[in-house]
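Quick note, my numbering runs 19 ahead of the 1-based positions in the sequence shown. Notes follow once the structure below has been shown.
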Amino acid sequence: MARIETLPVRVGDSLVIGGGHPIAVQTMCNTHTSDIEATVAQTLELAAAGAQLVRITVPGRQDVPCIAQIKERVRAAGCGVPLVADIHFSSETAIAVASVVEKVRINPGNFHPDHGEARRQFARFLEVCKQHGTAVRVGLNHGSLGRYITDRYGNTPHAMAMAAMEWLEMCIEAEFYNVVVSLKASNTVVMVEAYRELARRMQERGVVFPMHLGVTEAGGGDSGRIKSCVGIASLLQEGIGDTIRVSLTEPPVQELPVAQYLARTGGQPLPDGLDEKTTAVLDAAVAWGPKLLKREIDEIPDRAGLSEYLKDEIMQAARRRFYKPEYIACPGCGRTMYNLQETFEEVQRRTAHLKGMVIAVMGCIVNGPGEMADADWGYVGEGGGKVTIYHKSEPVLRHIPDSEAIDRLLALIEAAEQ
Ligand code: SF4
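Right, dumping it as structure tokens:
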């Protein structure tokens, strides 16, 4: 299907997203932004591996000079990859960094608990971006929409699309069109429905901003790759999507071949870094996942020749049948203060028997709790070697040393199951 026509968004000198340009592939550093050396090295590594945009978290005003230095050093190394500052909660940080990097990702809904004030802060932010030619991503995630929206529409795909439309309408009013929009969820059905409604609403409005696709907190390994492929490929097959990020709880360079695989158009060769086994997994996910998700089929037919394991994984990614726990795990970023990948793998090993349960492992206490709203149980790193355990969005154990946290989580689950 032909891609939906979207506005072209210029990001720095070298990249245009949307407007019929090839789908851009991006990822995000998981180094601490204050560790300039490590972040420069990872940015260069990611750009060399084909990332066309590299996102870096900027947790507060104090990190703005760090990203400025990172940019300077990346450019001095001869690398022109545009940098995206990832901002949560702080409009002042977003405004301060808008003159430094090529693009800023924000969730304007969390700028301020008072919706009117959040709107005023967003308007000021757009002014600064306009002055500096900075691109913006309005990046809303399921689970962190804010009371203003959920009180009206619930925590639904419709609520996500309506929230995005409000902020996009403000961009149109401000005559600021250098905007990309995303509506990520870890639930592939929610994510696909939200983007579809958003695309339809933007078309009805007559202004279609380019869309950044991603399945957030997809986890890692085959499951994370399959979940990402099912969600992203479903939308790409409908002509929706101008840039993609595959989020994996693994080193970010490992996300790129999967994103490059999805961004290919007919006839393009397979990306480097994909072995035969992984390619077969991705092929199967893309061939069958969207059909299951769209309910065109109820089972993967035997003629597909897939193993039972792969069938189960694809069925679960499309949310048609659950054969194991559902894991929500963020990819980690500069806010993560512990070994997320190792912890996630151990949690998976020790909870593999809890079929159907939703278990989250999140890198930070700032965003983690909001973004794992669907989880039955959550393991959230606080920093300083401490962990908070959540049950159904409520913290039930705080400040647990991380050496004990998985045992305590399992004990709580066991007690609740009896
Ligand atoms: S939840 Fe994970 S990816 Fe999101 S900000 Fe926190 S550490 Fe980073």
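We put the beta carbon where it would ideally sit given N, CA and C, even for glycine. Since we're looking at a predicted model, the values are computed, not measured.
The C-beta of glutamine 150 has fewer than 16 other C-beta atoms within 10 Å across all chains shown, which makes the residue exposed.
Comparing alpha-carbon positions, the option among Ile408, Pro320, Met376 lying closest to isoleucine 384 turns out to be Ile408. At a cut-off of 7 Å, the beta-carbon of cysteine 48 does not count as near ligand 1: no heavy atom of the ligand is closer than that.
Assignment of histidine 418 by DSSP, reduced to helix, strand and coil, places it in the strand class. Closest in C-alpha terms to glutamate 364, from the list Gly31, Ser242, Glu111, comes Ser242. Taking C-alpha positions only, methionine 210 is separated from tyrosine 167 by approximately 20 Å. Within the DSSP bridge table, the entry for methionine 47 names Arg74 as partners.
For the pair serine 53 and cysteine 85, the CB atoms are nearer than the 8 Å cut-off. Out of Ala180, Ser266, Pro176, the CA that lies nearest to the CA of lysine 246 is found in Ser266. When the beta-carbon positions are compared, lysine 122 and arginine 156 come within less than 8 Å of each other. Residues Ala180, Met184 of the same chain have their beta carbon placed closer than 7 Å to that of arginine 220, with the five preceding and five following residues left out of the count.
Partner residues in the beta bridge of asparagine 160, as assigned by DSSP, are Lys203.
Residues of the same chain with a CB within less than 7 Å of the CB of valine 366, apart from the 5 flanking positions on each side, are Ile378, Val380, Tyr398, Ile425 in chain order. Remark: C-beta atoms of valine 44 and alanine 278 approach each other more closely than 8 Å. In the displayed model, glutamate 24 falls within coil according to three-state DSSP, outside both helix and strand.
Scanning the stretch 240-314 for uninterrupted alpha helix (DSSP H) segments of 4 residues or longer gives 240-255, 275-282, 295-312, listed from N- to C-terminal end. The residue among Gly382, Gly292, Gly324, Val249 with its C-alpha nearest the C-alpha of leucine 65 is Gly292. A distance below 8 Å separates the beta carbons of phenylalanine 141 and proline 127. Collapsing the DSSP output to three states places aspartate 105 in a strand. Within the DSSP bridge table, the entry for threonine 175 names no partner. Sequence-distant Cβ neighbours of arginine 74 in its own chain, meaning closer than 6 Å and more than five residues away, are Met47, Val103, Asp105.
Contact annotation: valine 199 and valine 28 have beta-carbon atoms nearer than 8 Å.
Leaving aside the five residues that flank valine 227 on each side, the residues in its chain whose CB is nearer than 6 Å to its CB run, in chain order, Thr25, Met221. Per the C-alpha coordinates, the member of Pro350, Glu390, Glu345 positioned closest to leucine 164 is Glu390. When DSSP states are grouped into helix, strand and coil, valine 211 belongs to the helix group. Linking aspartate 82 to leucine 289 through their CA atoms gives a straight-line distance of about 38 Å. According to DSSP, glycine 402 shares a beta bridge with Lys405.
Valine 226 carries a coil assignment under DSSP once its states are collapsed to helix, strand and coil.
Distance from the CA of alanine 57 to the CA of threonine 50, rounded to the nearest whole angstrom, comes to 6 Å.
Straight through space, the alpha carbons of threonine 112 and alanine 282 are spaced by roughly 32 Å.
If the five residues before and after glycine 387 are omitted, its C-beta is found closer than 6 Å to the C-beta atoms of Met381, Val399, all from its own chain and listed in chain order. In the DSSP assignment, tyrosine 328 falls within the alpha helix (DSSP H) that extends over 327-336. For histidine 231, the three-state secondary structure derived from DSSP is strand.
Taking the Cα of glycine 285 as reference, the smallest distance to any Cα among Ile42, Ile36, Ile23, Ile89 is reached at Ile42. Not one heavy atom of ligand 1 lies closer than 7 Å to the C-beta of proline 132.
The straight-line gap separating the alpha-carbon atoms of proline 78 and threonine 355 is approximately 11 Å.
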